[in-house]
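Protein chains: 2
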Amino acid sequence: MVTNTIEVYDIVVVGAGPVGLLLATCLARFGFRTKVVDKRHTPTLTGRADGIQPRSLDILRNLGLKRAIMAHEPAKVYEVAFWDPMREGEGIHRTSISRACPPFVEARYPFATCLHQGLIEGVFIADLRKNGVEVERPLAIVNFSNDRNDEPHPVEVILEHTESGEQQTVKTKYLFSGEGAKSFIRERLGIQIHHKDRVMNVWGVMDGVVETDFPDIKMKCTIHSQQGSIMIIPRENNLVRLYIQLATSSDEDFDPHRQATVVEVQNAAKQILKPYHIEWERIEWYSTYPIDQGIAERYTLDNRVFMGGDCCHTHSPKAGQGMNTAFHDALNLAWKLHLVESGFANESVLDTYESERKMIAEELLDFDARYAALFSRRLPPISKRASEKADIADGHETNASEEFLNAFKESQEFTSGYGIAYHGNVFNWSLLHPAQSLVFDPSGHKLTAGRVMPHTDVTRVADANVVKLEHEIPLNGSFRLFVFAGKPDYSKQALTDFASNLQKQQSFLAVYPHQDARSVSYHERHNPHSPFFSICIIFTAPRSQIVIESLPPLLSRYREHVYTDDVMCPAMQDTGPRAHFKMGFSEDRGGVIVVRPDGHVSCVVGLVEGSGTVDALNQYFNAFSTKRLGGVQSRL
Amino acid sequence: MVTNTIEVYDIVVVGAGPVGLLLATCLARFGFRTKVVDKRHTPTLTGRADGIQPRSLDILRNLGLKRAIMAHEPAKVYEVAFWDPMREGEGIHRTSISRACPPFVEARYPFATCLHQGLIEGVFIADLRKNGVEVERPLAIVNFSNDRNDEPHPVEVILEHTESGEQQTVKTKYLFSGEGAKSFIRERLGIQIHHKDRVMNVWGVMDGVVETDFPDIKMKCTIHSQQGSIMIIPRENNLVRLYIQLATSSDEDFDPHRQATVVEVQNAAKQILKPYHIEWERIEWYSTYPIDQGIAERYTLDNRVFMGGDCCHTHSPKAGQGMNTAFHDALNLAWKLHLVESGFANESVLDTYESERKMIAEELLDFDARYAALFSRRLPPISKRASEKADIADGHETNASEEFLNAFKESQEFTSGYGIAYHGNVFNWSLLHPAQSLVFDPSGHKLTAGRVMPHTDVTRVADANVVKLEHEIPLNGSFRLFVFAGKPDYSKQALTDFASNLQKQQSFLAVYPHQDARSVSYHERHNPHSPFFSICIIFTAPRSQIVIESLPPLLSRYREHVYTDDVMCPAMQDTGPRAHFKMGFSEDRGGVIVVRPDGHVSCVVGLVEGSGTVDALNQYFNAFSTKRLGGVQSRL
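Line by line, the protein sequences give chains A and B. Position one of the first sequence corresponds to residue 62 (this note's numbering), numbered consecutively onward. Position one of the second sequence corresponds to residue 62 (this note's numbering), numbered consecutively onward.
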């Protein structure tokens with residue numbers, strides 16, 4: 062049954078898992094008319110993903126959702142313990158401990174957060190509700206088409222109530238599949254899964270509450286024994302998750318549908334953990350499932366119907382990457398759709414969704430293949446490991462299955478989410494970018510376009526609050542201009558020139574103003590001039606010497622985004638202002654960082670006297686803006 | 062109309078303001094059958110208190126309520142600005158800035174948190190609801206009596222619905238007045254208010270959203286001008302509170318009922334702030350009220366009917382102490398009632414509620430009288446201040462009305478809440494305490510019984526989480542034993558002896574066990590043995606060398622309360638384990654701190670081999686326990 066008046070949407074999201082929910086949450090905030098459907102009757106009740114990696118927690122913070130996540134008292138993983146067979150005799154012993162997020166990883170929150178997926182979904186569902194969006198259940202997609210003619214809503218979607226069979230047809234600008242590995246949309250589009258490696262694994266996973274004398278039961282552990290391998294993941298509310306690899310397609314008798322009963326898996330765990338004891342108080346969830354490593358050949362065919370999350374990439378669950386990669390997929394797409402739909406960016410920028418995210422999926426699968434193979438490989442007999450160094454000594458970084466440990470460490474930046482480095486493209490400045498000026502890439506700076514801007518603490522001038530600079534602009538779809546302005550005396554002329562060039566008719570800020578400037582509140586902190594740009598200004602002077610009112614009026618309007626770089630780390634006392642130092646800017650003259658709405662660096666330019674800085678930024682934004690920016694531009 | 066079956070309660074709380082709500086929240090958690098009534102129809106909608114001082118935030122954190130407070134995005138006050146008349150000519154200028162909570166104050170959260178009282182009340186009301194308690198409104202107390210015979214519920218209370226006039230009679234063990242300055246219960250008991258000082262003040266207070274070019278509008282400011290004085294308090298959601306003193310009884314034409322219209326106060330503010338401009342977008346609340354400084358002569362007459370909060374002490378609102386003092390009153394009473402009602406402590410301990418809290422109220426009023434007088438005093442003419450040093454220089458601690466500034470600073474520890482130092486009594490060990498042994502007060506320690514235990518960060522051994530030690534035991538009514546155990550090799554025998562003496566039949570831990578030990582969950586973290594005691598053990602060894610299972614079984618049962626003192630502050634790298642150092646304990650041999658359920662230090666004892674440590678603690682608890690503890694005790 063098709064209703065007479067067809068509802069229209071900006072986006073229809075199929076699948077209310079992590080990727081669909083984060084996408085919908087962003088787009089609903091950006092003003093998209095959003096419909097979210099899921100064929101399940103309820104949010105995830107048990108099982109599935111549970112690991113929030115450090116960078117994902119950062120994203121949730123930037124979305125204002127971290128507090129709601131933490132209210133569930135998740136387990137936090139600061140360290141990972143490695144257990145191996147005793148060198149002589151029976152049993153296992155701890156051979157190494159490694160930080161979950163070592164200091165060389167530039168993480169605001171240096172730990173993984175483990176919480177049941179259903180609770181995480183609940184945080185998004187509550188936020189969607191605030192924006193008037195309810196997940197509609199149980200509703201499955203049964204057909205869709207993009208007729209390419211019917212602008213502005215060329216995609217027709219037919220949905221069916223899984224119980225009543227009642228159908229509804231809606232029209233939408235965009236359709237998104239967050240359906241997971243078994244995707245109706247992907248299959249219908251005929252997009253193939255490319256298998257990275259023909260090795261397939263069968264896993265058992267068990268969530269439960271246990272009693273045990275195994276000392277690291279509250280830690281993330283990787284345990285190899287002569288009887289097999291287990292990974293332990295601590296969770297909220299005394300839960301613990303055990304991953305047990307049941308079979309690998311390289312095994313002689315491999316069966317991809319191999320099952321194991323709860324008792325069989327429990328017995329396997331008991332054998333592996335000996336001489337320690339383990340008993341289950343209760344089991345919350347148990348499942349076995351085959352995993353192969355696959356990646357979708359395309360993430361979209363037409364920039365109208367998109368896919369993300371498990372729909373595009375499947376791999377082993379061991380490195381806790383599934384939900385996190387889904388978050389990054391969703392975020393990457395969200396702000397690009399926003400920029401296109403709000404008339405700022407050309408539609409072609411949507412191409413970068415696939416190019417950026419597919420590259421990361423390839424990296425993930427490369428890592429995963431290596432890691433999973435190492436994990437499941439039985440250790441060689443004791444005699445062959447005679448050269449290994451002894452025992453745990455101070456408990457850090459001794460030998461054991463060194464290759465496994467090294468793979469783990471090499472991958473830590475990547476798995477934390479901070480290793481994501483998008484390549485040069487229209488958003489990530491490089492020497493191939495259309496915008497070229499000597500003002501780009503000022504000497505000394507330490508940033509890389511395409512990577513996340515490092516975190517820093519600064520003091521807000523208006524209220525003396527110590528704040529996390531990278532979170533001062535919420536995830537609202539705007540580009541963020543961090544103007545490191547060094548010493549007010551030195552940068553005075555450069556700031557004056559910066560402001561006066563921003564005020565020129567053809568500047569990126571002036572060409573995309575609010576549609577009704579008079580409706581902008583006096584209290585608008587982030588976007589007083591344009592919905593697409595926020596500006597932060599960071600000085601190195603003492604707070605009491607910074608007079609916001611003496612800045613050029615355009616800049617003083619960002620009065621709650623003026624900071625001083627005076628939060629000292631005692632260990633770095635000699636290095637001067639920390640934020641300037643961390644970015645590699647002169648503490649006298651500073652520099653400007655443009656950051657994408659997702660927190661990744663767009664480009665870095667010098668803060669120079671004259672029009673050079675704004676000229677360069679006009680060129681940068683002109684590479685993808687719908688309107689022409691800047692005038693006749695001088696090549697510095 | 063009196064109903065036939067009379068409801069009985071453990072406590073009836075009259076008044077659902079901060080003091081009543083915090084008391085009820087604690088007692089409901091401790092299992093008290095709790096009734097809360099308020100004659101107002103709704104929680105506070107506008108106005109009233111808004112300042113949460115650092116120690117109060119700590120208490121809220123310990124109650125697990127800080128996250129809910131912070132979810133309202135309160136303003137945070139890190140610094141306070143002082144403004145004075147220009148030395149020459151018209152207008153005002155900033156003469157000094159001071160930290161709201163300077164480093165010498167031992168604060169976990171070194172800022173004040175400003176949030177509308179109604180939102181704070183809402184956090185407690187939601188928590189009470191989780192424990193099945195709804196605030197009943199609009200219900201006023203009209204009579205009560207303590208017949209002293211009708212055990213266990215000797216207090217009869219008659220309540221009346223303020224609209225229908227319907228009355229209900231209930232019986233209760235305890236009655237509490239959190240009614241505020243106008244207390245029916247206090248009047249009926251005939252308890253007098255003792256006036257510290259006959260100076261009475263009339264204040265205007267205005268909450269609103271403003272537009273202004275005054276640069277410190279987001280700061281807490283004290284502004285003196287030739288036209289009068291104002292205090293500015295920033296608030297959540299762009300609100301700002303202005304306090305304007307309208308009259309003082311030392312004025313010649315004093316009128317305690319002096320009123321001023323909104324426009325009059327706005328005009329006064331405009332005059333005082335010149336040369337800056339201020340306009341109001343909207344006004345949320347406005348009030349004028351007379352304040353005198355008074356203190357109730359008694360807080361209870363019979364240890365059955367108690368009073369706290371504004372009912373017991375009134376003063377000026379300027380130092381932001383009202384709600385905070387109320388919190389401390391409530392917390393102080395809550396755990397003592399719990400210990401008495403659960404059969405652990407003698408009823409006489411309730412005497413310490415009045416003795417501890419009235420002393421603090423006296424200190425508060427002394428401070429307040431001095432502070433308010435200084436604040437309202439007009440500055441002398443310019444010529445008389447010629448000796449004052451010039452201008453703001455580096456913006457810190459220059460002159461201005463120096464006496465006022467000095468009073469502010471001297472009081473900062475007190476107003477933060479960390480200066481509260483209860484005197485020696487049955488709970489706060491001193492040389493006059495019944496328990497005397499050489500093991501008390503080990504040499505070198507830096508703690509003071511009656512003051513809050515300093516905050517420290519340590520690493521939890523079980524899961525490698527970095528945690529706030531002082532918050533590891535939630536506010537659950539238990540005494541907290543922090544066993545600083547130094548190096549495992551050094552303290553091994555002392556710990557063994559500590560455990561074996563705790564296991565003896567007459568130890569404080571053994572005499573007050575759980576009523577049904579078998580019902581205690583394997584996962585009980587805090588109170589595996591006794592509902593009245595939690596134990597934390599802190600070593601100085603590397604985490605990987607601490608084997609929880611090798612501790613004496615009684616102690617290893619506190620497996621999630623074993624820590625290592627390895628969280629280094631770079632600035633203190635030479636001083637060894639920070640927590641041990643901060644407490645003044647040897648990093649080899651440690652020492653034991655007993656902390657009251659409210660976070661104040663009870664006593665400090667050495668961690669010695671033999672029975673000395675437990676003997677001393679048995680003596681300490683024996684001073685107020687209902688059962689005899691310890692046997693024949695050796696005087697070391």
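Backbone N, C-alpha and C fix where the C-beta goes; we use that ideal spot for every residue, glycine too.
Take the Cβ of PRO614 of chain B as the centre, count every other Cβ of all protein chains shown within 10 Å, and call the residue buried at 16 or more, exposed below. Residue environment analysis places PRO614 of chain B among the exposed positions, since fewer than 16 neighbouring C-beta atoms fall within 10 angstroms of its C-beta.
Would you report the Cα separation of GLY667 of chain A and ARG122 of chain A, rounded to the nearest angstrom? The alpha-carbon of GLY667 of chain A is positioned some 29 Å away from that of ARG122 of chain A.
Excluding the five sequence neighbours on either side, which residues of its own chain have a C-beta within less than 7 Å of the C-beta of GLN253 of chain B, listed in chain order? Excluding sequence positions up to five before and after GLN253 of chain B, its CB lies within less than 7 Å of the CB of GLU358, all in the same chain and listed in chain order.
Any C-beta of chain A under 8 Å from that of HIS584 of chain B: Contacts with chain A at 8 Å (Cβ-Cβ) include HIS584 of chain B.
Could you check the C-alpha separation between PHE685 of chain A and GLN567 of chain A for me, to the nearest Å? The C-alpha of GLN567 of chain A is placed about 15 Å away from the C-alpha of PHE685 of chain A.
In whole angstroms, what is the alpha-carbon distance linking CYS175 of chain A and VAL270 of chain A? C-alpha separation (whole angstroms): 15 Å.
What does ASP371 of chain B reach in chain A if we use C-beta pairs closer than 8 Å? In chain order: nothing, as chain A lies at least about 29 Å away.
Which residues DSSP lists as bridging LEU542 of chain B, in chain order: When DSSP reads this structure, LEU542 of chain B sits in a beta bridge with B:ILE596 and B:VAL655.
Close beta carbons around PRO495 of chain B, own chain, < 6 Å, minus the five adjacent residues each side: Correct list, in chain order: ALA684.
Could you give the residue range of the beta strand (DSSP E) that holds ARG122 of chain B? That residue, ARG122 of chain B, is in no beta strand (DSSP E); its alpha helix (DSSP H) goes 115–123.
Note down, in chain order, every chain B residue with its Cβ under 7 Å from the Cβ of GLU140 of chain A. Neighbours of GLU140 of chain A on chain B, chain order: ALA525.
Can you check DSSP and say which residues form a bridge with CYS162 of chain B? For CYS162 of chain B, which the question treats as bridged, DSSP gives no partner whatsoever.
Quick check on DSSP: helix, strand or coil for ALA406 of chain A? For ALA406 of chain A, the secondary structure class from DSSP, reduced to helix, strand or coil, is strand.
Buried versus exposed call for PRO164 of chain A [16 or more other C-beta atoms within 10 Å across all chains shown]: So PRO164 of chain A counts as exposed.
Span separating the alpha-carbon of LYS232 of chain B from that of VAL203 of chain B: Distance between the alpha carbons of LYS232 of chain B and VAL203 of chain B: 14 Å.
Measuring only the C-alpha atoms, how far is LYS701 of chain A from PRO658 of chain A? Any question about residue 701 of chain A goes unanswered here, given that chain A covers just 62 to 697.
Can you confirm whether the region 90–101 of chain B touches the region 62–82 of chain B when touching is taken to mean that 3 or more C-beta pairs between the two stretches lie within less than 8 Å? The region 62–82 of chain B makes contact with the region 90–101 of chain B; the number of CB pairs closer than 8 Å reaches 3 or more.
So that I know if they touch, is there some Cβ in chain B lying closer than 8 Å to that of ARG302 of chain A? Put simply, the CB of ARG302 of chain A is far from chain B, with every gap to its CB atoms at 8 Å or more.
So, is the C-beta of PRO164 of chain A closer than 8 Å to a C-beta in chain B? No, no contact with chain B.
Verify the CB distance criterion: does ILE706 of chain A have a CB-CB separation below 8 Å to chain B? A query on residue 706 of chain A cannot be resolved here, the shown segment of chain A reaching from 62 to 697 and no further.
Can you say whether GLN576 of chain A is buried or exposed, counting buried as having 16 or more other CB atoms within 10 angstroms of its CB? Answer is exposed; the Cβ neighbour count stays below 16.
Of the choices A:SER311, A:GLY511, A:TYR583 and A:TRP264, whose alpha-carbon is the least far from that of ARG109 of chain A? Nearest C-alpha to ARG109 of chain A: A:TRP264.
Would ASN299 of chain A count as contacting chain B if we go by Cβ distances under 8 Å? Yes, contact with chain B.
Pick out whichever of A:CYS373, A:ILE67 and A:ASP71 has its Cα sitting closest to the Cα of SER403 of chain A. The candidate whose alpha carbon is nearest that of SER403 of chain A is A:ASP71.
Strictly under 8 Å for the Cβ-Cβ distance: is ASP274 of chain B near chain A by that measure? Yes, contact with chain A.
Mind listing the chain B neighbours of MET131 of chain A? Cutoff is C-beta to C-beta under 8 Å, in chain order. Contacts between MET131 of chain A and chain B, judged by CB atoms closer than 8 Å, involve ARG128 in chain order.
In angstroms with no decimal places, state the Cα-to-Cα distance between MET384 of chain A and GLY179 of chain B. Rounded to whole angstroms, MET384 of chain A to GLY179 of chain B spans 38 Å at the Cα level.
In chain B, which residues lie with their C-beta within 8 Å of the C-beta of ILE609 of chain A? When 8 Å is used as the limit between beta carbons, ILE609 of chain A is near these residues of chain B: PRO276, in chain order.
Determine, using beta carbons only, whether PRO589 of chain A and TYR619 of chain A come nearer to each other than 8 Å. Cβ atoms of PRO589 of chain A and TYR619 of chain A: closer than 8 Å.
Establish whether the CB of LYS470 of chain B and some CB of chain A are separated by less than 8 Å. No, its Cβ sits nowhere closer than 8 Å to a Cβ of chain A.
Only counting runs of 3 or more residues, tell me where the beta strand (DSSP E) segments fall wholly within the region 502–578 of chain A, in order along the chain. Complete beta strand (DSSP E) runs here, min 3: 518–521, 527–529 and 540–547.
Indicate the three-state DSSP secondary structure (helix, strand or coil) for ALA357 of chain A in the structure shown. Strand, per DSSP.
Check for me: the beta strand (DSSP E) holding PHE237 of chain B runs from which residue to which? From DSSP, the beta strand (DSSP E) with PHE237 of chain B extends over 228–238.
Express the C-alpha separation of LYS234 of chain B and PRO213 of chain B in angstroms, rounding to a whole number. If I take the Cα positions, the gap works out to 6 Å.
Cα-Cα separation, GLY706 of chain B to ASN679 of chain B: The displayed coordinates of chain B run from 62 to 697. Any statement about residue 706 of chain B would go beyond what the structure contains.
Scan the region 528–539 of chain B for residues whose Cβ lies nearer than 8 Å to a Cβ of chain A and list them as they occur along the chain. Residues: none.
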